[in-house]
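Trainee:
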Amino acid sequence: MSTLVPKRVKETPASARLVYTALDVNGPLEKEALIDETGIARRTVNSALAELRDLGLVEARDHPADHRRRLYAATEQ
69 MSTLVPKRVK ETPASARLVY TALDVNGPLE KEALIDETGI ARRTVNSALA ELRDLGLVEA
129 RDHPADHRRR LYAATEQ
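Letter by letter, the sequence shown follows residues 69 to 145 of the numbering used here.
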């Protein structure tokens with residue numbers, strides 16, 4: 069977990085900050101785990117992930133056990 073939240077994260081909506089923080093604290097997570105961890109709606113998680121990915125703050129990776137699933141991770145920026 070990093071101790072400094074990137075400035076660009078602070079400028080995003082609260083839902084995106086929550087998603088970023090969950091990824092920063094827990095490491096890579098699947099979307100379902102993000103929904104459970106944050107308690108926010110799937111649609112909101114989708115929007116937050118899209119915004120964070122567009123900003124280069126989150127990346128999507130193939131799940132090592134099943135390439136049909138995706139893991140999302142905070143990037144070090």
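By construction, the Cβ of each residue, glycine as well, lies at the ideal position given by its N, Cα and C atoms.
For Ala-141, which of helix, strand or coil comes out of DSSP?
Mentor: Correct three-state label for Ala-141: strand.
Trainee: Buried or exposed: which applies to Asp-122, given that a residue is buried once 16 or more other Cβ atoms fall within 10 Å of its Cβ?
Mentor: Flag for Asp-122 reads exposed.
Trainee: Distance check for Thr-143 and Met-69, CA to CA, integer angstroms please.
Mentor: Because Met-69 carries a pLDDT of 48, less than 50, the predicted location of this residue cannot be relied on, and the following value inherits that uncertainty. Approximately 11 Å between the Cα atoms of the pair.
Trainee: Which class does Ala-133 belong to by DSSP, given the choice of helix, strand or coil?
Mentor: If DSSP states are grouped into helix, strand and coil, Ala-133 belongs with coil.
Trainee: Are the C-beta of Ala-128 and some C-beta of chain B separated by less than 9 Å?
Mentor: This model lacks chain B altogether; it includes just one protein chain.
Trainee: Hey, how far is the Cα of Val-87 from the Cα of Ala-109?
Mentor: Roughly 11 Å between the two C-alpha positions.
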